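Presented below is the structure to which this report refers.
Number of protein chains: 2
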Amino acid sequence: MSAQGETRRAPLDRARVLAAAVAAADRSGLDALSMRSLAAELGVVPMALYKHVADKDDLVGGMVDTVIAGYDPADAVGGPAEVRARIRSARAGLLAHPWLRTAIESRTRRTPAVLAHMDAVAGAFLRGGYSADLTHHAMHALGHRIWGFSPEAFEEPPAEPPSPAEREAMLRTMAERFPHITAIAMDTAARTPSGTCEPEGEFDFTLDLLLDAFERLHAAGWTSSA
Amino acid sequence: MSAQGETRRAPLDRARVLAAAVAAADRSGLDALSMRSLAAELGVVPMALYKHVADKDDLVGGMVDTVIAGYDPADAVGGPAEVRARIRSARAGLLAHPWLRTAIESRTRRTPAVLAHMDAVAGAFLRGGYSADLTHHAMHALGHRIWGFSPEAFEEPPAEPPSPAEREAMLRTMAERFPHITAIAMDTAARTPSGTCEPEGEFDFTLDLLLDAFERLHAAGWTSSA
DNA sequence: ACCTGAACACCGTTCAAGT
DNA sequence: ACCTGAACACCGTTCAAGT
Chain A
1 MSAQGETRRA
11 PLDRARVLAA
21 AVAAADRSGL
31 DALSMRSLAA
41 ELGVVPMALY
51 KHVADKDDLV
61 GGMVDTVIAG
71 YDPADAVGGP
81 AEVRARIRSA
91 RAGLLAHPWL
101 RTAIESRTRR
111 TPAVLAHMDA
121 VAGAFLRGGY
131 SADLTHHAMH
141 ALGHRIWGFS
151 PEAFEEPPAE
161 PPSPAEREAM
171 LRTMAERFPH
181 ITAIAMDTAA
191 RTPSGTCEPE
201 GEFDFTLDLL
211 LDAFERLHAA
221 GWTSSA
Chain B
227 MSAQGETRRA
237 PLDRARVLAA
247 AVAAADRSGL
257 DALSMRSLAA
267 ELGVVPMALY
277 KHVADKDDLV
287 GGMVDTVIAG
297 YDPADAVGGP
307 AEVRARIRSA
317 RAGLLAHPWL
327 RTAIESRTRR
337 TPAVLAHMDA
347 VAGAFLRGGY
357 SADLTHHAMH
367 ALGHRIWGFS
377 PEAFEEPPAE
387 PPSPAEREAM
397 LRTMAERFPH
407 ITAIAMDTAA
417 RTPSGTCEPE
427 GEFDFTLDLL
437 LDAFERLHAA
447 GWTSSA
């Protein structure tokens, strides 16, 4: 019997598993996606998935990376125009995949694709002549709702480094692959003794910025007809 | 044996169930909170909870309401000062209950406590002399990250009204209990034919507002020393 | 190397019954 | 009115085994 009546199924690999998961979530939402249902869809026993995915968290993380990796590469002109283009890409991803927002919010680990997108947006500001300091604030202010993923990723401790040597190596690869966010992190570290930025300060900064902007519009007699 | 060796447990009620759930989530997170574990903590069989809570969704909704209902009542001075005070309350709630953000984001129904908080913030803008239109934009721009709950609640269809008469009654109670958000909704409905606001328009409005604000800071040579 | 089978320790929720 | 017991239809994940 075995592999004859049916044409033999191509062997699974990570990309195929992730693509099927993305398609399934697009169709019926993230809640309906289980290891078991995904396996059934791939014509495989649930445990077969664990050869290509560490666990469910890794599956969801991979789905997020798959979508982010497909964002349009914007022209690297720098400044607000490039920022706008990159944010539009993220926005399009959120609209095309309704589960994406929840998936991103449920994750805490910063994957390479997430870091790359952050780095690209930070780079757009820096190339536009913004200081590392102002860029840092802008990244926070643009925030979760506009980004599609949490700027708090900036703040979280980067998963305790096993040894000083490994820490050194990690820093070097960070600086190579994600030069812009590394530069911003180092700028922040140089200015604040603890090396982490103050969440409450950031919160106040953005809140004041927005309230001031609306005060200005109000004072100018703004109406939607404009 | 029965109720003698132990002093007889006070009978459960919804408030006690919700308080225990909030405490449990504060202690060990939302993921660790199950109907079964909560029941065990209350010294009761899982099914006993279903007398006080419709299902798990209702439990989480009740937890959110419990926290929001405890927000500081701000002075009704109106304008940015009151807005700031109310947003600080929401922020404090998010800091005190790390699970709150996720819990709010997972919910889609607008509960009375959520509506009351929205109404209070909207009222602060309106009392400050802001137009309904500008208030609407400001509410969206302040957004999820600052609010602690989704301004998209504004946009979602309000759970199809069973009959015209009931719809009428619902509108009247809305206008009574939440006058400010009702006024804004009616203003929006009057200006846009469909009655719903354009998500993409809102997105662009906020994005431009933020990018313009940062352009202004950049042009002014802003540094964090200020 | 890749997949399977059976099992473990969980879930939320139902139904009919107890007091 | 409030709570219980037993059951149902699910989960994610383990381990040892198959090919």
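If you read the sequences in order, they're chains A and B. Numbered according to our numbering, the first sequence spans residues 1 to 226. Numbered according to our numbering, the second sequence spans residues 227 to 452. The beta-carbon is built from N, C-alpha and C at its ideal position, and this holds for glycine as well. All figures in this text were calculated on a predicted structure; none of them were measured in a lab.
Collapsed DSSP secondary structure at residue i in the structure displayed
i, result
"A:A122", "helix"
"B:L435", "helix"
"B:R333", "coil"
"B:E424", "coil"
"A:P157", "Annotation note: pLDDT 46 at A:P157 (below 50); position unreliable, coordinate value reported separately. Reduced to three states, the DSSP call for A:P157 is coil."
"B:L238", "coil"
"B:A478", "Because chain B in this structure spans residues 227 to 452, residue 478 of chain B falls outside the shown range and cannot be described."
"A:P112", "helix"
"B:G447", "coil"
"B:F404", "coil"
"A:S131", "coil"
"A:S89", "helix"
"A:T7", "Since pLDDT at A:T7 reaches only 44, below the 50 mark, its modelled position is unreliable, and no value is offered."
"A:P164", "helix"
"A:A192", "The question names Ala, but residue 192 of chain A in the sequence shown is Thr. Here A:T192 sits in coil by DSSP."
"A:H117", "helix"
"A:H97", "coil"
"B:L368", "helix"
7 Å Cβ shell around residue i - same chain, five flanking residues per side excluded
i, result
"B:A350", "G304, G305, E308, V309, R312"
"A:W99", "A25, G29, L30"
"A:L49", "V17, M35, L38, A39"
"B:K282", "M261"
Residue environment, residue i, which counts as buried when at least 16 other CB atoms sit within 10 Å
i, result
"B:V247", "A small correction: the amino acid at residue 247 of chain B is Ala; Val does not occupy that position in the sequence shown. The residue is buried, with at least 16 neighbouring Cβ atoms inside 10 Å."
"B:V271", "exposed"
"A:L94", "buried"
"B:A391", "exposed"
"A:A122", "buried"
"A:R107", "buried"
"A:S34", "exposed"
"A:S89", "buried"
"A:T173", "exposed"
"A:T223", "exposed"
"B:A358", "buried"
Best match in the options for proximity to residue i [C-alpha to C-alpha]
i, options, result
"A:L217", "B:S389, B:E441, B:A364", "B:A364"
"B:A445", "A:G128, A:V64, A:R16, A:M170", "A:G128"
"A:G201", "B:R317, B:T361, B:L259, B:D284", "B:R317"
"B:G288", "B:G447, B:R336, B:T361, B:R403", "B:R336"
"B:T292", "B:A241, B:A236, B:T432, B:S357", "B:A241"
"B:H362", "B:A401, B:A411, B:L238, B:A342", "B:A411"
"A:L210", "B:L437, B:G269, B:I330, B:L368", "B:L368"
"B:V290", "B:A280, B:L244, B:L264, B:D301", "B:L244"
"B:I294", "B:D434, B:A401, B:H323", "B:H323"
"A:A76", "A:H117, A:E105, A:K56, A:L42", "A:H117"
"B:D239", "B:A409, B:M273, B:K277", "B:K277"
Own chain residues within Cβ distance below 8 Å of residue i, not counting five before or after
i, result
"B:T418", "E424"
"A:L134", "F125"
"B:T432", "H363, H366, A367, G369"
"A:P112", "D65, R177"
Own chain partners of residue i with C-beta closer than 6 Å, once the 5 adjacent residues on each side are dropped
i, result
"A:D119", "F178, H180, I181"
"B:V286", "A329"
"A:L115", "F178"
"B:A300", "E308, A311, R312"
List, from N- to C-terminal side, the alpha helix (DSSP H) runs of 4 residues or more that fit wholly inside the region 17-79 of chain A. The DSSP assignment places 35-41, 56-69 as complete runs of the alpha helix (DSSP H) inside the region 17-79 of chain A, in order along the chain (cut-off: 4 residues).
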